[in-house]
Amino acid sequence: VRLVGLWMDDAVSAGTETLTYLYVPQLDACEHRYGPHHDVVYLTLLGIDALLETLYRELAGRARLVVSADHGQIFVPIERQYDLSDDTMLLSLLETPPTGEGRNPIFHVRPGEEERFRKLFAERVNDGFLLITPDDAEDLRLFGPGRLSPAARTRLGTFIGIALSSSAVRYFSPGKERFRHLGYHGGLSAEEMRVPLVVA
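Residue numbers for the sequence shown follow our numbering, beginning at 7 and rising by one.
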């Protein structure tokens, strides 16, 4: 906050316009660890609110303050987190390990194994996900209007998992620490997609 104030002093003195981007990571990290509705998250938010109030006073009308977020989060209970890390049968049907977000995982299935993968995946996740193809995503305009580029199609693999409830897929490469989150984002729920916008 002090640095932003100093930068504003310099900009005003020089008569120039400037844009300063300040990212505060604590709320996101706290929501991942405890879930978005935990008391610790609320206390963290109060701390950030106080920080922003101090920044607003420091700016003293010399600049516009815009506050927003890049995403929301949703609580995913442990029993709805499906860890595929040790599922050798399912992983053997893939060309690469799962990619994407836990709420919208991407699967690059070996040619000819599509239906087998679809059936096994449905069994593993208790119908917590819908599998769609890149063509489906394009038709539904999930990535915006227009056609998907060849590069996007390659990255989207064979299937995209769409979380239908408070569910998430987890995958950890061998030897990587297996941490647990209770807060997730990347899905299509309103809680994950709607964010605040404050202009002062």
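The C-beta atom is built at its ideal place from N, Cα and C for all residues, glycine as well.
In whole angstroms, what is the alpha-carbon distance linking residue i and residue j?
i: A69; j: T60; result: 14 Å
i: V204; j: A66; result: 17 Å
i: T105; j: R176; result: 10 Å
i: P180; j: R122; result: 24 Å
i: R159; j: L99; result: 19 Å
i: I190; j: A75; result: Reading off the sequence, residue 190 comes out as Tyr, not Ile. Y190 and A75: Cα-Cα distance of roughly 14 Å.
i: E101; j: E183; result: 23 Å
i: L126; j: P117; result: 16 Å
i: L137; j: F185; result: 25 Å
i: I54; j: Y27; result: 15 Å
i: R130; j: L96; result: 9 Å
i: L57; j: S19; result: 25 Å
i: R52; j: A157; result: Looking at the sequence itself, residue 52 is Leu, so the reference to Arg does not match. If you take the alpha carbons of L52 and A157, they lie about 42 Å apart.
Do residue i and residue j have their C-beta atoms within less than 7 Å of each other?
i: F81; j: G134; result: no
i: N110; j: G193; result: yes
i: E198; j: G78; result: yes
i: L33; j: T22; result: no
i: S173; j: R86; result: yes
i: A206; j: Y48; result: no
i: E64; j: G150; result: no
Residues bridged to residue i by DSSP?
i: Y190; result: I80
i: V175; result: Y88
i: V204; result: V73
i: G181; result: G181 pairs with nothing; no bridge assigned.
i: A157; result: Beta-bridge pairing links A157 to no other residue.
Sequence ranges, alpha helix (DSSP H) only - wholly within the segment 77 to 152, length at least 4: If we require 4 residues or more, the alpha helix (DSSP H) runs fully inside the segment 77 to 152 come out as 94 to 97, 120 to 130 and 140 to 146.
I want to know whether the segment 139 to 150 touches the segment 83 to 101 - three or more CB-CB distances under 8 Å. The segment 139 to 150 is not in contact with the segment 83 to 101.
Quick check: the segment 164 to 172 against the segment 43 to 61, are there 3 or more CB pairs under 8 Å? The answer is no - the segment 43 to 61 does not touch the segment 164 to 172, with fewer than three Cβ pairs under 8 Å.
For a minimum of 3 consecutive residues, which ranges assigned as the beta strand (DSSP E) are wholly contained in the segment 15 to 80? Entirely contained in the segment 15 to 80, the beta strand (DSSP E) runs reaching 3 residues are, in chain order, 72 to 74.
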